[in-house]
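Student: Below is the structure I would like to discuss, written out as structure tokens.
Numbering (UniProt numbering), first residue to last: 1 to 288.
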């Protein structure tokens with residue numbers, strides 16, 4: 001990864017110096033694009049940043065520094081636009097790009113039939129992440145929780161989302177040996193979300209996609225205590241789940257860093273699955 005990173009940066013830097021484009025358009029990829037933005041600024045080139053670095057992962061001075069290096073920020077969240085604007089950036093708010101794309105490919109009834117699911121039984125969707133290191137850290141823990149839930153709810157059904165075929169061997173390796181009522185689902189994540197009574201999902205874009213589908217969830221992420229503590233000190237981030245960040249309060253439970261334990265996650269899941277009113281209340285809040 002890193003050799004490619006620096007090789008591409010060197011080639012792009014050379015091209016910017018030689019070609020001097022009228023506008024440099026940057027999209028997401030904070031670690032890479034902020035370096036390019038600083039170079040473009042030094043060269044006197046105009047820059048536009050779509051899906052700029054998320055403000056919830058930045059402190060005030062970082063936001064101000066980014067604002068100085070970018071000529072136009074295109075924000076996808078209204079609160080993000082306001083934060084960048086206060087930091088001195090020239091901002092346009094365009095909305096979240098996936099709003100109109102997050103749609104199941106079939107009805108709930110069709111999904112139930114396709115994956116041979118019983119509608120009268122609880123369905124829990126498991127989303128361990130879309131990166132290999134997330135899957136390696138989170139999936140074993142999630143499966144331990146699933147095993148404990150199976151003891152309490154004998155007829156429970158689990159759907160495990162496979163974010164990409166490249167993770168298939170890793171997922172099957174981790175799942176091997178378990179006797180859980182579990183189906184691995186590929187290329188149908190929105191359908192999985194749509195039929196699930198509850199999701200246990202890694203933090204990230206999936207949490208917002210689930211919110212668009214009004215699906216209750218518990219959001220998890222694994223970090224070391226030191227990483228969590230540094231984040232709290234430098235960034236002062238109250239939440240990590242996107243639905244909570246956007247609303248400004250905890251509408252979906254989240255367990256991050258050292259707080260993520262099998263016992264605690266199991267307890268929260270049992271509390272939600274055992275009281276359908278809590279799940280429905282969460283659906284209503286997500287719908288709002």
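Cβ atoms here follow ideal geometry from the backbone N, Cα and C, with glycine treated the same way. Quick caveat: nothing in here was measured; it's all calculated off a predicted structure.
Does DSSP classify residue 48 as helix, strand or coil?
Tutor: It is a strand residue.
Student: Report back the beta-carbon spacing between residue 88 and residue 67 to the nearest angstrom; my notes put them in contact at under 8 Å.
Tutor: The pair is a contact, with the Cβ atoms about 5 Å apart (cut-off 8 Å).
Student: Is the Cβ-Cβ distance between residue 128 and residue 142 less than 8 Å?
Tutor: Yes.
Student: With three or more C-beta pairs closer than 8 Å as the rule, is the segment 176–185 touching the segment 151–168?
Tutor: Yes, the segment 151–168 touches the segment 176–185.
Student: For residue 252 versus residue 282, is the C-beta distance shorter than 8 Å?
Tutor: Cβ atoms of residue 252 and residue 282: closer than 8 Å.
Student: Report buried or exposed for residue 15, applying the criterion of at least 16 other Cβ atoms within 10 angstroms of its Cβ.
Tutor: It counts as exposed.
Student: Return the chain-ordered list of same chain residues with a C-beta closer than 6 Å to the C-beta of residue 186, the five sequence neighbours on each side being excluded.
Tutor: Correct list, in chain order: 162.
Student: Please classify residue 1: is it buried, with 16 or more other beta-carbons within 10 angstroms of its beta-carbon, or exposed?
Tutor: The predicted position of residue 1 is uncertain, since its pLDDT is 49 and thus under 50; no value can be drawn from it.
Student: By how many angstroms is the C-alpha of residue 126 removed from the C-alpha of residue 170?
Tutor: For residue 170 and residue 126, the distance between alpha carbons rounds to 15 Å.
Student: Give me whichever residues DSSP pairs with residue 92 in a beta bridge.
Tutor: 74, per the DSSP bridge assignment.
Student: Use the C-beta contact count for residue 244: other C-beta atoms within 10 angstroms, 16 or more gives buried, fewer gives exposed.
Tutor: Buried: at least 16 other Cβ atoms inside 10 Å.
Student: What's the call for residue 196, buried or exposed, on a 16-neighbour Cβ count within 10 Å?
Tutor: Classification for residue 196: buried.
Student: Buried or exposed: which applies to residue 205, given that a residue is buried once 16 or more other Cβ atoms fall within 10 Å of its Cβ?
Tutor: So residue 205 ends up on the exposed side.
Student: With a threshold of 8 Å on Cβ separation, who are the neighbours of residue 260 within its own chain once the five nearest residues in sequence on each side are excluded?
Tutor: The residues are 141, 220, 221 and 222.
Student: Per DSSP, what kind of secondary structure is residue 1 in: helix, strand or coil?
Tutor: No answer about residue 1 holds up, because its pLDDT of 49 lies below 50 and its placement is not dependable.
Student: Tell me the start and end of each unbroken beta strand (DSSP E) in the segment 169–230 that is at least 3 residues and wholly inside, in chain order.
Tutor: Correct list: 182–186, 198–202 and 217–221.
Student: Closest by CA to residue 284, which one among 95, 212 and 241?
Tutor: Measuring from the Cα of residue 284, the nearest candidate turns out to be 212.
Student: Once the 5 residues before and after residue 311 are set aside, which same chain residues still bring their CB inside 7 Å of it?
Tutor: Residue 311 falls outside the range modelled here, since the chain spans only 1 to 288, and no answer is possible.
Student: Please report the straight-line C-alpha distance between residue 138 and residue 144, rounded to a whole angstrom.
Tutor: For residue 138 and residue 144, the distance between alpha carbons rounds to 10 Å.
Student: Compare the Cα-Cα distances from residue 104 to each of 193, 79 and 94 and report the closest residue.
Tutor: It is 193 whose Cα lies nearest to the Cα of residue 104.
Student: Classify residue 296 as helix, strand or coil using the three-state DSSP reduction.
Tutor: Residue 296 lies beyond the stretch modelled for the chain, which goes from 1 to 288, so this question has no answer here.
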